[in-house]
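Everything on this sheet refers to the single structure shown next.
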Amino acid sequence: MTPWQPPKREPKKTKAELYEMLAEAVRNTQAENKRLQRVKKDRGEKAA
Numbered sequence: 036m037t038p039w040q041p042p043k044r045e046p047k048k049t050k051a052e053l054y055e056m057l058a059e060a061v062r063n064t065q066a067e068n069k070r071l072q073r074v075k076k077d078r079g080e081k082a083a
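Using this note's numbering, read the sequence shown as starting at 36 and increasing by one per residue.
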């Protein structure tokens with residue numbers, strides 16, 4: 036039987052990496068919201 040080994044984790048991310056991930060997520064969210072508003076506008080619905 037092999038000895039137990041803790042799971043290997045990725046090294047912690049730096050603040051710069053976390054900030055970049057957050058910025059990308061915000062950009063993706065904003066792009067999705069703009070697309071949905073455009074679709075509603077094209078359908079004649081009221082955009083929120």
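Ideal Cβ placement from N, Cα and C applies to all residues, glycine included.
query, result
"Spatial distance of residue 66 from residue 40 (CA atoms)", "43 Å"
"Between the CA atoms of residue 37 and residue 43 - distance to the nearest angstrom", "16 Å"
"Backbone CA spacing between residue 51 and residue 45 [nearest angstrom]", "16 Å"
"DSSP state of residue 56 mapped onto helix, strand, coil", "helix"
"Collapsed DSSP secondary structure at residue 65 in the structure displayed", "helix"
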